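Count the sequence shown with this note's numbering and you get residues 2 to 87, in order. A short write-up of the structure that comes next.
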Amino acid sequence: MAAPEKQTPGGGQASANSNSDSVAIIGADVHAGKRVANLKAALALRGFQVHDSTTGGWLVARWDLSHYCARIEDLEAFLRRVGGAS
């Protein structure tokens, strides 16, 4: 039995069984964005503020102290250093 077809907004036909790879559509940046958002939230729960740097990377601050993290891995290492889960 053939898959039912539905009308697309452009007026074409699309199969209901069409396989689309959501990662290819959304891109890897979303996954990196989720990682950063989770790291920012975990650090915020420990009293740290994480600021995006205009040159790339992040500035983590608490009280009058700050630490620059150039890569996501550096941000993860900083979280482990201040008592976050590994």
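From the three backbone atoms N, C-alpha and C, an ideal C-beta is built for every residue, glycine too. Predicted, not measured: the structure shown is a model, and the values here were computed from it.
By alpha-carbon positions, which one of 49, 32, 84, 31 ends up nearest to residue 65? Position 64 of the sequence shown, counting from 1, holds the residue named residue 65. Nearest option by C-alpha distance: 49.
Residues near residue 62 in its chain [Cβ-Cβ closer than 6 Å; skip 5 each side]: Working through the sequence shown from its first residue, we reach residue 62 at position 61. Correct list, in chain order: 50.
Whole angstroms is fine: what's the gap from residue 47's alpha carbon to residue 80's? Here residue 47 is taken as the residue at index 46 of the sequence shown, counted from 1. Here residue 80 is taken as the residue at index 79 of the sequence shown, counted from 1. Approximately 9 Å, taken between the alpha carbons.
Starting from residue 81, trace the alpha helix (DSSP H) both ways and give me its first and last residue. Counting from 1 along the sequence shown, the entry for residue 81 is found at position 80. Element bounds for residue 81: 73 to 82.
Does the Cβ-Cβ distance between residue 74 and residue 40 come in under 8 Å? Working through the sequence shown from its first residue, we reach residue 74 at position 73. Working through the sequence shown from its first residue, we reach residue 40 at position 39. Contact check for residue 74 against residue 40 fails: the beta carbons are separated by 8 Å or more.
Would you call residue 44 buried or exposed, if buried means 16 or more other Cβ atoms sit within 10 Å of its Cβ? Along the sequence shown, one-based indexing puts residue 44 at 43. Looking at its Cβ environment, which holds 16 or more other Cβ atoms inside 10 Å, residue 44 is buried.
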